[in-house]
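**Student:** In full-length UniProt numbering, the protein residues as written are 1 to 256. Backbone N, C-alpha and C define an ideal beta-carbon position, used for all residues, glycine too.
1) Contact between the region 135-152 and the region 180-199 is defined here as three or more beta-carbon pairs at a separation below 8 angstroms; is this criterion met?
2) With a threshold of 8 angstroms, are at least 3 pairs of Cβ atoms found where one atom belongs to the region 151-162 and the other to the region 94-106?
3) Quick check: what's the CA-CA separation for residue 135 versus residue 129?
4) Quick one: Cα of residue 8 to Cα of residue 154, how far?
5) Among 108, 133, 137, which one has its Cα closest to the Cα of residue 123?
6) Let me make sure I understand the geometry here. Which of 229, 243, 28 has the alpha-carbon closest to that of residue 199?
7) On a Cα-Cα basis, can you pick out the residue from 145, 125, 119 that is closest to residue 214?
8) Count the other CB atoms within 10 Å of the CB of residue 36; is the residue buried (16 or more) or exposed (fewer)?
9) Using three-state DSSP, classify residue 39 as helix, strand or coil.
10) Do the region 190-208 and the region 136-144 make contact, defined as three or more Cβ pairs closer than 8 angstroms?
11) Tell me which residue opens and which closes the beta strand (DSSP E) that residue 80 is part of.
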């Protein structure tokens, strides 16, 4: 059966079929069910739909997220339910303060830049920031464990005013005192044989999330997640903790 005859069989325009065939558009669940029925294998549809959903959620463009719901994510990995259900976060961030550790001014500027990059209006920004603050407040408690490894550069990446950056670094110092948070910092001059190209978050041992300027990438393959856990453990061994980590933060504060 050709693509043209298949599109005619299921009542799908040939242009739409061409876009799906060439990877420019995702098929809907109804498309998949109709295709399987037309090909005489309707029982295959549920498995194909499940795989399609996995593929689609593995790479999510920020433009689609912002267009759909602003920053108020109601479902999926970044939702408040997802954060509350996660009992162990392992976070590697070489350049910027991770979202759970950000003060409001830092979060606002991070997302203002994203909205600017995507060419979006900032009208929905404040509503989204309220959601992020509520999610952070609900997540930062002793019911879960948060293990973070930051590059020393994080302490010097200033995207806010000097006074707000002082507040941000002071907040990091306070978080480092909490029993359920392990804060490690990799000194800039540390001898190391491996680096992470971009930051990544490990949710329990089930999912890894990485953010690029334009999209969120999610990894769920057990074998791949295990490799990220191994890499995180390697990075953690290079980091300094406790008094030495606090000293690095204090030194960064002294330069402001």
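**Tutor:** According to the structure data:
1) yes
2) yes
3) The count along the chain shown starts at 1 and reaches residue 135 at position 135. The count along the chain shown starts at 1 and reaches residue 129 at position 129. The straight-line gap from Cα to Cα measures roughly 10 angstroms.
4) Locating residue 8 in the chain shown gives position 8, counting from the first residue. Locating residue 154 in the chain shown gives position 154, counting from the first residue. Roughly 56 angstroms separates the two Cα atoms.
5) For the purposes of this step, residue 123 is identified with residue 123 of the chain shown, where counting begins at 1. Residue 123 has its Cα closest to that of 108, out of 108, 133, 137.
6) Residue 199 sits at position 199 when you count from the first residue of the chain shown. The option with the nearest alpha carbon to residue 199 is 229.
7) Reading the chain shown from its first residue, position 214 is the one you call residue 214. Measuring from the Cα of residue 214, the nearest candidate turns out to be 119.
8) As a working mapping, residue 36 is identified with position 36 in the chain shown. Burial call: buried.
9) Here residue 39 corresponds to residue number 39 of the chain shown, with the count starting at 1. Three-state result, residue 39: coil.
10) no
11) Counting from one through the chain shown, the residue named residue 80 turns up at place 80. Residue 80 -> not in any beta strand (DSSP E); alpha helix (DSSP H) instead, spanning 80-85.
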